[in-house]
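Position one of the sequence shown corresponds to residue 35 (the working numbering), numbered consecutively onward. By construction, the Cβ of each residue, glycine as well, lies at the ideal position given by its N, Cα and C atoms. Written out below as structure tokens is the structure these notes cover.
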Amino acid sequence: MDDTAPPDRPPSPPVPPPSRRPRDMVISLLVLLVPVVLFVGVYQVLSGRTRPVEVDPQPALAAAAAAGLEVSTPEGLSAGWVPVSAVFQPGEAGDTLRVGYVTPDGGSVQLAQSTVPPEQLLPGELKDPATPAGAVDLAGRPWQAYPPRAGERALVLLEPELTTIVRGTASEAELRDLATTLGPPPG
Numbered sequence: 035m036d037d038t039a040p041p042d043r044p045p046s047p048p049v050p051p052p053s054r055r056p057r058d059m060v061i062s063l064l065v066l067l068v069p070v071v072l073f074v075g076v077y078q079v080l081s082g083r084t085r086p087v088e089v090d091p092q093p094a095l096a097a098a099a100a101a102g103l104e105v106s107t108p109e110g111l112s113a114g115w116v117p118v119s120a121v122f123q124p125g126e127a128g129d130t131l132r133v134g135y136v137t138p139d140g141g142s143v144q145l146a147q148s149t150v151p152p153e154q155l156l157p158g159e160l161k162d163p164a165t166p167a168g169a170v171d172l173a174g175r176p177w178q179a180y181p182p183r184a185g186e187r188a189l190v191l192l193e194p195e196l197t198t199i200v201r202g203t204a205s206e207a208e209l210r211d212l213a214t215t216l217g218p219p220p221g
């Protein structure tokens, strides 16, 4: 017999782990997310929650009234208008009440009424305020129409003690509908 040991072989290199590409991660996430989205969608339809969640604007209106902010509320809006947010914000420069709506056609509109001076209020509310496109007479009151920007239209009513802004992604007709339902502030 031969007492010679076989020559030492170099150890074989370790097998690299299978590489995972970003594409594999995306596929894995899709496999998990698709059933979740389907489940949530089916739940919304079966539970009848295809309408937006309605909020009661009365607490915000009461807070505004308690602070002395005299605002006008929409009177006679059709049943398709759903209030979805209502916030009263007191401030040093003036007080502001904002009420958000979903329109009958599914657009969004925000009604903002404020005692903040217009030169301070309009740049913040209209993002990039341009000069008004023209005056519009709605229910005997002179509103200023602002051209559409970033998908939003705006109507502004400048009164001595209160600035009213109706803006949103809804059609111009729906913005006008909301504006015409606003009577003069009480007082």
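Do you know offhand how far P157's Cα is from I199's? Distance between P157 and I199, taken at the CA atoms: about 12 angstroms.
For the stretch 166-182 against the stretch 115-134, are there 3 or more C-beta pairs whose distance is under 8 angstroms? Touching, no.
Which partner residues does S119 have in the DSSP bridge list? DSSP lists G134 as partners of S119.
Quick check on L145: does DSSP put it in helix, strand or coil? L145: strand per DSSP, three-state reduction.
Residues near T203 in its chain [Cβ-Cβ closer than 7 angstroms; skip 5 each side]: Excluding sequence neighbours, T203 sits near G141, S142, G185 and E186.
Would the beta-carbon of T197 fall within 8 angstroms of that of G110? No, these two residues do not count as a Cβ contact at 8 angstroms.
Local Cβ density within 10 Å of Q78, reported as buried at 16 or more and exposed below that: Looking at its Cβ environment, which holds fewer than 16 other Cβ atoms inside 10 Å, Q78 is exposed.
In the DSSP assignment, find the unbroken beta strand (DSSP E) run with V200 in it and report its ends. From DSSP, the beta strand (DSSP E) with V200 extends over T197 to G202.
Considering Cα atoms alone, identify which of A173, E208, P56 and R43 is closest to P138. Between P138 and the set A173, E208, P56 and R43, the nearest pair of CA atoms involves E208.
V68, enclosing alpha helix (DSSP H) - first and last residue: First-last of the alpha helix (DSSP H) with V68: P56 to L80.
By Cβ distance, which residues of its chain are closer than 6 angstroms to F122, with the 5 residues on each side in sequence left out? Apart from the 5 residues on each side of it in sequence, F122 sits with its Cβ closer than 6 angstroms to the Cβ of A94, A97, A98 and L131 in its chain, given in chain order.
Around the Cβ of E159, are there at least 16 other Cβ atoms within 10 angstroms (buried) or fewer (exposed)? Counting Cβ neighbours within 10 Å, E159 comes out buried, since at least 16 surround it.
As assigned by DSSP and simplified to three states, the class of R210: Here R210 sits in helix by DSSP.
Buried or exposed for Q144, please, with buried defined as at least 16 other CB atoms from any protein chain shown within 10 angstroms of its CB. Counting Cβ neighbours within 10 Å, Q144 comes out buried, since at least 16 surround it.
Should T165 go down as buried or exposed, given a rule of 16 or more other Cβ atoms within 10 Å for buried? Exposed.
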